[in-house]
């Protein structure tokens, strides 16, 4: 019965509930009203930790407990899914001196705490925290002689009790306010398994928020349309809920993820890794798309907020109607959904040692790296190989020594290998802090009596090959002009690069416009393939990363394309590269993720997809999307929307791995006006024509900016 | 083998015909429409465009084999998605021999010609018979006004329009709505009357003028001299076509 109702809604992109209640919630988030309920300070822990002489695991558990205790229950009268963070920060558990001593000689990953993994939310929901507590106690009895295990399990139990106590205090507050529905739900979850979709969302909200309170970050939510679906399905079948009611609850949950996100650390505001993964396949290989998949996209269209960040698993068989619905979301300019192609990702994970059943169940970390919920303590971004540096050093050395192009390529490969070895070496003394509460949410930690920081089923590292197209273009220019055409002398190119092309403008022009470019010319595309094969070889050569895992090569860039150009803030070792053989001047940006270099003017998305489809993704399984910016005029009519969905289908059919489609945003245009050198490839379309934004006269740029300002 | 000058090849041109398409812009045009938005398409020779983002040469010589090999690399993708190749410009018919040779190397790929219709009849027939669909621009029905605003006589265009109607090739009439020039009641009525009985006509597309038309002139060191008042609102009249029994739509409208 319900599926008939839902089917008729599938093609519709608008939600069905009365939005007035949630419109008010959205407004409160946008106006930062939730900040006003925050406490003046977070609890102080150092004194008691010192007085009691607590170990590191016990301090980590105490942190979660004190944070939960410090939370002052806050419920707005219109809320049906509650929890608003009131503690304004996560306090330290060691003094700076102690911390330095404790971590001396070790490498911490980024900020230190465990981050960028995904819990097995489905499992924790269906068990409930009391069952997790029972498991911990059972293991404790079994491992009585193992003091380390006992300590870990006591810590885990302390955090479970803290969460249950917090839920009880929220239930009391709800009762006090006369909100019996909320009180009743919190009297049950997260202690016990949810009976309804509403209870499941409330349970998830609370358990997820507490992870952040323990100092963890980039806390993903995984495959919500899979693990929440049984609850929704049962509600629909029992007529406890209709589609509109379910949408409203899901929307409230999505909004709640935005209430506290200013407290979450990341490289930039909004970079908080609250990802969800939709669609894909079930563990037995069937299509996993269900009504909740569609509903989640509709709800994201309604909320129109940066969290959660939507990912969609597809194949070439995914219905065009689902892709069209997802394209509606792209049109909003939030930069998601991000697509990944199951037909490419799953075989690559299996080829890299993942059990097929786990590979089927993949999600993404904060950005794009493929991880397995509950089973991975992977550090998917220990760093990036600077592809342009590897190529540039090889080109300079090779040309100076009058070597062949093959020697230059060989040098490039060796340089990539050396960078990989250096990165892995720098992580040989990686220190992962204990994480008792996060361990509760993972597979096997309570069962084995071991904190997740000791490792889970998968313990791989990831290294990305950053700014790859720029490197391939530099090599392609050298091969084409110096070695094939022989129209440029090696010395001339070296001098021109040394002079940052000043006085060599004609040569720079040829390098920029005549040499092959990744995304346009197979001669450059094939060098990109060579670069990533070299990266894969170098990663494969690492038998053990020191944690019983391997090293996965990837195609992402994160901020590296900026850092490689400008130097990483606060890190003087990353010396910027000078002018490069692709005609790029010193200080100009490199390509990001998988995209043509910003200096190249390419024909468009089809050639770009074809170029990146040539990579041997079976070997490159860490992720990293093809990144494309589309003009908002593409979405001017329903036909354009459908064509955009067809483009996503082409991505899947060509066997590409991951795709991020962006709509050209106002901020891009403003940046392009100020820094045209960064945006040579930015295309805007007006009326019947397309033009490069940076080539338009200033008054016309203003016009287009105004259109973007007022067009939506 | 023929060679031709191209000023751009652009993929995923969602407004240039059915399905997923790639548009080839041929350089050189006999018309000088004062509202032209592709001034780099006017001169047949390569030229320099210079702006704050740097300097580049627009216009590159391709042999028909070079061009068709680029297009054929993606032919199956375009065909599988209901699309093909659109030839635009400039005026593609100004390089008719080259164009015909390219089209002959594209197998069964769907080919769309976007033309002003201004060409010798033999060139027009030669290219159009190789097309699956034609976008035919009609600007002004009055001869004198046509000369004034586009620099050329419209009789070859009207002659080719009747040739087109006799060729059994489906086509769309495209009318740029230029304020006070082409969007007048008289002109639109004359166009509606002129096309309503033509065999093969699918519909009329009206393209309202956009004030960004002059955007590229400064990069070419050219002067943009509109023969009309840019600020005047565009007069969009669908009724005159509908009354004449002609299917009509406004292209490029942004859905809110």
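Chains as they are written, first to last, in this note's numbering: chain A, 316 to 1027; chain B, 115 to 370. Note that the Cβ used here is the ideal one computed from N, Cα and C, for glycine as well.
Close CB contacts of residue 631/A within its chain, under the 6 angstroms cut and outside five residues either way in sequence, are with 967, 968 (chain order). Straight through space, the alpha carbons of residue 706/A and residue 346/B are spaced by roughly 55 angstroms.
Along the region 643-673 of chain A, none of the residues has a CB nearer than 7 angstroms to a CB of chain B. For residue 375/A, no Cβ of chain B is located within less than 9 angstroms of the residue's own Cβ.
Along the region 201-223 of chain B, there is no position whose C-beta sits under 7 angstroms from a C-beta of chain A. Interface flag for residue 897/A against chain B is unset, since no Cβ pair is found closer than 9 angstroms. Judged by DSSP secondary structure, residue 822/A falls within the alpha helix (DSSP H) whose first and last residues are 820-828. Listed as beta-bridge partners of residue 779/A by DSSP are 699/A, 869/A.
Residue 121/B has a beta carbon lying at 9 angstroms or more from every beta carbon in chain A.
The closest CA to that of residue 588/A, considering only 682/A, 559/A, 773/A, 710/A, is found on 682/A.
With respect to the 9 angstroms criterion, residue 811/A and residue 822/A are classified as neighbours on the basis of their beta carbons.
Less than 9 angstroms separates the beta-carbon of residue 771/A from that of residue 689/A. Not a single CB atom of chain B sits nearer than 9 angstroms to the CB of residue 940/A. Close to chain B, meaning a Cβ-Cβ distance shorter than 9 angstroms, are the following residues of the region 915-940 of chain A: 916, 917, 918, 919, 920, 921, 922, 923, 924, 925. One thing to note: residue 843/A has its Cβ within 9 angstroms of the Cβ of residue 929/A. Contact with chain B is found for residue 995/A, since one of that chain's Cβ atoms lies less than 9 angstroms from the residue's Cβ. Between residue 249/B and residue 285/B, the gap from beta carbon to beta carbon is short of 9 angstroms. Using a CB distance cut-off of 9 angstroms, residue 1009/A counts as an interface residue toward chain B. Straight through space, the alpha carbons of residue 186/B and residue 924/A are spaced by roughly 15 angstroms. Counted as a single uninterrupted DSSP element, the alpha helix (DSSP H) harbouring residue 338/A occupies residues 335-345. The Cβ atoms of residue 869/A and residue 939/A lie closer than 9 angstroms to each other. The straight-line gap separating the alpha-carbon atoms of residue 247/B and residue 1020/A is approximately 35 angstroms. Taking 9 angstroms as the cut-off, the beta carbon of residue 443/A is found closer than this to the beta carbon of residue 506/A. Contact annotation, residue 697/A with residue 738/A: C-beta distance approximately 6 angstroms; criterion of less than 8 angstroms satisfied. Closest option to residue 516/A, judged by alpha-carbon separation, among 563/A, 638/A, 552/A, 677/A: 563/A. In the same chain as residue 533/A, and ignoring 5 residues on each side of it, the C-beta atoms closer than 6 angstroms to its own belong to 430, 431, 588, 681, in chain order.
Runs of beta strand (DSSP E) with 3 or more residues, each lying fully within the region 539-597 of chain A, are found at 590-594, listed in chain order. Restricting attention to 752/A, 329/A, 387/A, 409/A, the CA atom closest to the CA of residue 360/A is found in 409/A. Apart from the 5 residues on each side of it in sequence, residue 331/A sits with its Cβ closer than 8 angstroms to the Cβ of 324, 558, 559, 562 in its chain, given in chain order.
Under DSSP, residue 941/A takes part in a beta bridge, and its partners are 909/A, 974/A.
Shown here, residue 202/B sits in a strand according to DSSP, grouped into three states.
For the pair of segments examined, the region 350-367 of chain A was found to touch the region 384-391 of chain A: the number of CB pairs separated by less than 8 angstroms reaches three. For residue 249/B, the enclosing beta strand (DSSP E) starts and ends at 247-251. The beta carbons of residue 727/A and residue 846/A sit closer together than 9 angstroms. Across the region 313-335 of chain B, CB contacts with chain A closer than 9 angstroms involve 321, 322, 323, 324, 325, 326, 327, 328, 329, 330, 331, 332, 333, in sequence order along the chain. Below the 7 angstroms Cβ cutoff, chain A contributes 828 as neighbours of residue 170/B, in chain order.
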